[in-house]
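Residue numbers (the numbering used here), protein chains in the order written: chain A, 7 to 326; chain B, 362 to 589.
Backbone N, C-alpha and C define an ideal beta-carbon position, used for all residues, glycine too.
Here is the structure we will look at, set down as structure tokens.
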Amino acid sequence: MKMKKQKIFLIGILIIFSSLLTYYFSPTNAIAQSLGLGIYPPLLEVTIMPGKSITQVYKLTNSGEIDLMMTSAMYAFEPSDETGGVKLISDTQSLQPIFFDFLNANLKLGQTFPLPAGETQEVVLIIKVPETATEKDYYATLLFQTNPMASLGGLSTSQTQTKIGGNLLLTVSRTGEPFKKAIIEEFRLSNCSQFCFIDSFTPPQFLLKIKNAGHSYFKPFGKITLKGWLKQEESLDLLPQNILSDSTREIQCQIDDQVAPCQTKSKFLIGPIRAKVEFGLDDLSSQYHQEFRFIALPIKLTMALFALTIILWLIKMRME
Amino acid sequence: MVQGFKRPAWAVHPMTSDNYQIDWPNLNMGAGLPSSSSYNLGVTTGQIAPGLYSSTGYKVRAGFQYIHSIIPFSFMIDKIAVDFGSLTVGTPSTDTIGLEVNSGSAGGYSVTTQENNPLTSTATSTIADTTCDPGDTCDESDAGTWTQNTTYGFGYSMSGIDVPSEFSGGKYKQFADISLSEAPQAVMSGSNVGVGKTSTMTLKVNVSGTQAAGTYENIITFIATPTY
């Protein structure tokens, strides 16, 4: 009798144990784990002479729940839009003859390496510029990618793979002062192109697009100023965003230490307003400037008063 | 924040490693993460005063000078694979992937996606990428309506923060196919600094009666890049 009870107890334990094993190691449970990567720095700007080299430490963090196998690669990139997006180019011909590699003792660029969950891998990127390198800009992205896991077998699935990158803007120059030139492509109210009237109670928002017509990327340092009829004056600081050579970028502003659209805080504007943008390339100056005028009128208030007058008149007429 | 994510504890480390040694007297190197109790600025090395470029031969600036954040640029997804279960003829099978971007130390970001090939079985049968309903078709670059159970194939939709407006109304697209050299397509993008930007990708499969039986698989790749 006692033996039978022991047998039942053992069978029960085995069933519970095998159920737990099945649960924890089932493919369905395994796939519901998060996968996360972090990289720093997201941007590296280098101006360097031919024949020189520099190094930079990158930190790659596995913030997910599973251990990963990672691979690294260097891609060329070009702007994908006017907001700073990048389009990766697998053909690295445009990066020739710049040499990229890792200085880590046990890891080279392109090699696979393990990155356990919660761990950070530091890599030391070396950039060597040969004496023969052409003086121009080289735009690259250091990309780290996860290796897909083995087939789950028996399940119709889409496996996921993630890649994360940091961008490099490399200017090769003997003098450190390559030719830089900007063209103000568009400067206007964001919702109106010419002969603009705005409502006095609606803060105006500006659209500023700057084209880089030089040989090297630059940052615009400057501001947009508004001067009104009643000595109203307000200014917006331009965000010093990189504009790559042969590209145009829509510039944002820096308001209260935050990145924001170029919109004033004015609660009320009236009459003719002059808007002026002025900036320098990589320094605060008025090297480039452009202005336009628009008129602020209390349009909504006038319409509301007009509507109210009509209503009152109709009421009065009916009462009479 | 998408359910299921565990927010990482980003540590601020000193610049040390078993793999290399920094030779401070001959410094031409920038550290990965500048330390501060509350904020950081980008690091500039190589030129500590105007005119020194000719002697150092380089200027280096790491990070965005106008962004005060110690949060690395990071990207998370809440599962490593999507399980469609047993596919039934004329009954769409769907599952979701949660995406999260923290662009704290980056000016902005973009997440693009593509597939290595259409869902393919071990016997090399494929479930073609959907072309959506006949009245509002889709491909890898244009979204369309997919509500009819007589429309077959494989596709995805997006909802949440910073997703392209073309997905509004629950529209679907094909994945860009690497095997056909199709360019990756944006599924999230933002031009402002931000943390905890989340979205949901809904993947959908519907098979016809002529679809060969089998287990179908492919690989979906997400590429997260900061702006410059």
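Here the alpha carbons of leucine 232 of chain A and tyrosine 517 of chain B stand approximately 46 Å from one another. Under the three-state reduction of DSSP output, methionine 55 of chain A falls in the coil class, being neither helix nor strand. Contact of glycine 496 of chain B with chain A is not assigned, every C-beta pair being separated by 7 Å or more. Note that the region 213-220 of chain A touches the region 248-257 of chain A; at least 3 beta-carbon pairs, one per stretch, sit closer than 8 Å.
Per the DSSP secondary-structure output, leucine 16 of chain A pairs with nothing in a beta bridge. For glutamate 543 of chain B, the CB contacts under 6 Å within the same chain, skipping 5 residues up- and downstream, are Glu501, Ala537 in chain order.
In the DSSP secondary-structure assignment, threonine 166 of chain A is bridged to B:Ile581. Residue environment for arginine 324 of chain A: exposed (fewer than 16 other C-beta atoms within 10 angstroms of its C-beta). Here methionine 549 of chain B carries a strand assignment [DSSP, helix/strand/coil]. Looking only at A:His221, A:Pro47, A:Gln269, the smallest Cα-Cα distance to leucine 244 of chain A is reached by A:Gln269. For threonine 455 of chain B, the three-state secondary structure derived from DSSP is strand. For the 7 Å CB-CB criterion, isoleucine 60 of chain A and valine 421 of chain B form a contact. Bridge pairing for histidine 295 of chain A: A:Glu284 [DSSP].
Assignment of isoleucine 432 of chain B by DSSP, reduced to helix, strand and coil, places it in the coil class. When Cβ pairs closer than 8 Å are counted between the two stretches, the region 521-534 of chain B is seen to touch the region 553-573 of chain B, the count reaching three or more. The C-alpha of glycine 496 of chain B lies about 46 Å from the C-alpha of isoleucine 261 of chain A.
At the C-beta level, asparagine 579 of chain B and leucine 480 of chain B come within 7 Å of one another. A residue is called buried once 16 or more other Cβ atoms fall within 10 Å of its Cβ, and proline 433 of chain B is buried on that count. Residue burial annotation: lysine 114 of chain A is exposed, with fewer than 16 other C-beta atoms found within 10 angstroms of its C-beta. Excluding sequence positions up to five before and after alanine 484 of chain B, its CB lies within less than 7 Å of the CB of Ala573, Gly575, all in the same chain and listed in chain order. By the Cβ neighbour-count rule, serine 529 of chain B is exposed, with fewer than 16 other Cβ atoms within 10 Å of its own. Contact annotation: the region 134-153 of chain A touches the region 73-87 of chain A, with at least three C-beta pairs closer than 8 Å.
Cβ-Cβ distances below 6 Å link aspartate 288 of chain A to Phe224, Lys225 in the same chain, with the five nearest sequence neighbours on each side left out; the list follows chain order.
Annotated as distal: methionine 549 of chain B and serine 40 of chain A, with beta-carbon spacing of 7 Å or more.
For leucine 320 of chain A, the secondary structure class from DSSP, reduced to helix, strand or coil, is helix. For tyrosine 414 of chain B, the enclosing alpha helix (DSSP H) covers residues 414-417. Listed in chain order, the alpha helix (DSSP H) elements of length 4 or more contained wholly in the region 491-564 of chain B amount to none.
For leucine 318 of chain A, not one C-beta of chain B is nearer than 7 Å to its own C-beta. If you draw a 10 Å sphere on the C-beta of leucine 236 of chain A, you find fewer than 16 other C-beta atoms in it, and that means exposed.
With a beta-carbon spacing of about 5 Å, leucine 66 of chain A and glutamine 127 of chain A fall inside the 8 Å limit used to define contacts. Taking the CA atoms as reference points, phenylalanine 193 of chain A sits about 44 Å from phenylalanine 108 of chain A. For tyrosine 419 of chain B, the closest of A:Thr53, A:Cys198, A:Phe106, A:Leu320 by C-alpha to C-alpha distance is A:Thr53.
Taking all protein chains shown into account, lysine 169 of chain A has 16 or more neighbouring C-beta atoms within 10 Å of its C-beta and is therefore buried.
Rounded to whole angstroms, isoleucine 276 of chain A and proline 304 of chain A show a C-alpha spacing of 7 Å. Taking a 10 Å sphere around the C-beta of aspartate 439 of chain B, we find 16 or more other C-beta atoms and assign the residue as buried.
In the DSSP assignment, glutamine 127 of chain A forms a beta bridge with A:Leu66.
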